[in-house]
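Enquirer: Provided herewith is a single structure, encoded as structure tokens, for subsequent inquiry.
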């Protein structure tokens, strides 16, 4: 993905934001302990890639059980059920 990649090469990168939300209420999350789409976009840009597409890829809500949702609601924890596909071209 670095300097040995030819200009014009295309990269598809499927990612999910990572938050420290497993047991942390949203109001108490530390943004410094998260890796988000913005971080991936910045890293791609800094290494000579230009993001040309961003596609949201939702996941099934069935990956969360009713008990998990109940606990998250009670503790006011935010969860994520999506992925983002970034398509970038080497500049």
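Numbering (the working numbering), first residue to last: 1 to 91. Idealized CB from N, CA, C, for every residue including glycine.
Beta carbon of residue 71, beta carbon of residue 25: below 7 Å?
Expert: Within the chain shown, residue 71 is the residue found at index 71, counting from 1. Within the chain shown, residue 25 is the residue found at index 25, counting from 1. Not closer than 7 Å, so no.
Enquirer: How should residue 77 be labelled, buried or exposed, when 16 other C-beta atoms within 10 angstroms of its C-beta is the threshold for buried?
Expert: Along the chain shown, one-based indexing puts residue 77 at 77. Its Cβ being crowded by 16 or more others within 10 Å, residue 77 is buried.
Enquirer: Which two residues bound the contiguous alpha helix (DSSP H) that contains residue 37?
Expert: For the purposes of this step, residue 37 is identified with residue 37 of the chain shown, where counting begins at 1. Taken as a continuous stretch (DSSP letters only), the alpha helix (DSSP H) holding residue 37 covers 37–46.
Enquirer: Could you tell me how far apart the beta carbons of residue 101 and residue 85 are, in whole angstroms, since I believe they sit closer than 8 Å?
Expert: Outside the modelled stretch of the chain, which goes from 1 to 91, sits residue 101, for which no answer is possible.
Enquirer: Quick check: the Cα distance between residue 80 and residue 17, rounded to an integer number of angstroms?
Expert: Here residue 80 corresponds to residue number 80 of the chain shown, with the count starting at 1. Here residue 17 corresponds to residue number 17 of the chain shown, with the count starting at 1. Going from the Cα of residue 80 to the Cα of residue 17 covers about 8 Å.
Enquirer: Got a sec? Which residues, its chain only, sit under 6 Å from residue 55 by beta carbon, not counting five neighbours each side?
Expert: The residue labelled residue 55 in the question sits at position 55 within the chain shown. So the list reads 85, once near-sequence residues are dropped.
Enquirer: The beta strand (DSSP E) that contains residue 10, what's its start and end?
Expert: For the purposes of this step, residue 10 is taken as the residue at position 10 of the chain shown. The continuous beta strand (DSSP E) containing residue 10 extends over residues 10–15.
Enquirer: Take residue 87 and list the residues in its own chain whose beta-carbon comes closer than 6 Å to its own, dropping the five residues that flank it on each side.
Expert: Against the chain shown, residue 87 aligns to sequence position 87. Residues 12, 52 and 53 of the same chain have their beta carbon placed closer than 6 Å to that of residue 87, with the five preceding and five following residues left out of the count.
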